[in-house]
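Engineer: The structure is given below, and queries will be raised subsequently.
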Amino acid sequence: MMWKNKSLFFIFLLIAEISFSQIDDYNYSREINGVSETWHSIELPDALFGKVSNSLNDFRIYGITETDTIEVPYLLKIASEKQTDEKIDFTLLNASKKGEAYFFTFEIPSEKAINEIQLNFKQQNFNWLVNLEGSQDNSEWFSIVKDYRILSIKNEQTDYQFTNVRFPKSKYRYLRFQIKASEKPDLITAETQLSSFESPVFKTYPVKSFVTTENKDSKKTILDIDFSEPLPISLISLKINDSIDYYRPVTIKYLRDSINTEKGWKYNFNTMETSVLSSLENNDLYFYSTITKKLRIEIENFDNRPLKIEGVTAKGYVHQLVARFAEPATYYLVYGNPKANKPNYDITKFTENIPTNIAAVKLSEEKTIHKKEVSKRSPLFENKLWLWFIMAVIIILLGWFTIKMIRKK
């Protein structure tokens, strides 16, 4: 009986040791509270993004029971926008001119609604105002949009087009464009479609500070945006207080590293996206979700006066784990291991079987995982004088034996 109890005790110690060795590969842990079903979602708190790798590969969920340690499979889900475009055929009936206005009339044979028309012109540089009207009988016309600006700029510095006319969903058999232009618009193609945009779930993050500086030599505005901690940012919205028309290319960079020199901090940035600020569109700059504590936006002013930037809003996609829990256990989320590879779980091949409505569970406060101290063996001779002394003795002995052998000869 005693032998059996000792065996069980050693088995328990072995399991505990294996469990610890798995969790010990990571730096932080949070207990998962409220596990009651097979599937649960876990929203990742902001505070942990500065402690994981940029690839987000170093998340693991472990369940500890009295007899075993379970690794829980999960999916990392990052909310993002979804856009679908349904192309709808239509036919150009006629093109005409009246005064300085050019008219293009189209027929839509189907009864489907549309909310966007893409125009493609032969001209590469233009700035026109467009009126769009709809009719059911090609006789009585109703206004859809008025004085809608379309623009195209192409030169050595710029290649930009804004020729998509967007409007509320409408259903007309006939559509008529009126374009006010000094020259005849050479329309190559026009495409109608019904676009639907499913907005993602964003989190708004507090901006610690933002500073703009003007570089007169490069004719650029440098906008530095700082956050209090590393966060997964994917959208920057700028509040620009200017009533003028503008078009400015921008470069979006994130902080790679920084060095403290005698002259102060030197920041090194990596470029992650290029975009455009235009008075024709909103001033939202989208880019691939990046964990960073500092962003830099460079705005090309060319020979124009700088824009007045009055505010900055930062947003990011919601990050969550969807996990499958197999049995009762005490579960932990562990993270913080830059050497960890991306896990390979079966559930990634069967995502269609994951329920759509699953309950969320909460994470406890973060705890630091204390590593086992690895005993460091002291060198046999810590003092180098001992080493030199032994080498000298060896040399003297070798010399003495050599002389002795020579004398014998």
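Residue numbers (the working numbering): 1461 to 1869.
Every residue, glycine too, gets a C-beta built ideally from N, C-alpha and C.
Count the other CB atoms within 10 Å of the CB of residue 1830; is the residue buried (16 or more) or exposed (fewer)?
Structural biologist: Its Cβ having fewer than 16 others within 10 Å, residue 1830 is exposed.
Engineer: For residue 1865, which residues from the same chain have a beta carbon less than 6 angstroms from its beta carbon, with the 5 sequence-adjacent residues on both sides left out?
Structural biologist: Excluding residues within five positions, none has a Cβ falling inside 6 angstroms.
Engineer: Please state if the CB of residue 1669 and the CB of residue 1775 are separated by a distance shorter than 9 angstroms.
Structural biologist: No; because the gap between Cβ atoms is not below 9 angstroms, this pair is not in contact.
Engineer: Give me, in chain order, the residues of the same chain whose beta-carbon lies closer than 6 angstroms to that of residue 1820; leave out the 5 immediate sequence neighbours on both sides.
Structural biologist: Cβ neighbours of residue 1820 beyond the five flanking positions: 1501.
Engineer: Are residue 1591 and residue 1611 touching if we call contact CB-CB under 9 angstroms?
Structural biologist: In this structure, residue 1611 does not lie closer than 9 angstroms to residue 1591 by Cβ.
Engineer: Compare the beta carbon distance of residue 1535 and residue 1808 with 9 angstroms and say whether it is the shorter of the two.
Structural biologist: Closer than 9 angstroms, so yes.
Engineer: Just to check my reading of the structure: residue 1823 and residue 1793 have Cβ atoms closer than 8 angstroms, yes? What is that Cβ distance to the nearest angstrom?
Structural biologist: Residue 1823 to residue 1793, Cβ: 6 angstroms. Contact.
Engineer: What's the gap between the Cα of residue 1473 and the Cα of residue 1790?
Structural biologist: With a pLDDT of only 40 at residue 1473, under the threshold of 50, the placement of this residue in the model should not be trusted, and no figure is reported.
Engineer: Leaving out five residues before and five after residue 1481 in sequence, what residues of the same chain have Cβ atoms less than 8 angstroms from its Cβ?
Structural biologist: Note that residue 1481 scores a pLDDT of 46, beneath 50, so its modelled location is shaky and nothing firm can be said.
Engineer: Within the same chain, show all residues whose beta-carbon is closer than 6 angstroms to that of residue 1648, passing over the 5 residues directly before and after it, in chain order.
Structural biologist: Once the five neighbours on either side are set aside, the close Cβ partners of residue 1648 are 1580, 1582.
Engineer: Under a three-way DSSP split, which group does residue 1567 fall into?
Structural biologist: Three-state DSSP puts residue 1567 in a strand.
Engineer: Can you give me the start and stop residues for the alpha helix (DSSP H) that residue 1483 sits inside?
Structural biologist: Counting along the chain, the alpha helix (DSSP H) containing residue 1483 begins and ends at 1462-1483.
Engineer: Name, in chain order, the residues that DSSP records as bridge partners for residue 1561.
Structural biologist: Residue 1561 is bridged to 1558, 1640.
Engineer: Ends of the beta strand (DSSP E) at residue 1499?
Structural biologist: Residues 1499-1503.
Engineer: Classify residue 1419 as helix, strand or coil using the three-state DSSP reduction.
Structural biologist: Outside the displayed span of the chain (1461 to 1869) sits residue 1419, for which this structure offers no information.
Engineer: Below 6 angstroms CB to CB, which residues in the same chain sit around residue 1514 once its five sequence neighbours on both sides are set aside?
Structural biologist: Taken in chain order, the residues that qualify are 1751.
Engineer: Closer than 8 angstroms is the cut-off here; do at least three beta carbon pairs connect the stretch 1634-1651 with the stretch 1663-1680?
Structural biologist: They do not touch, by the three-pair rule.
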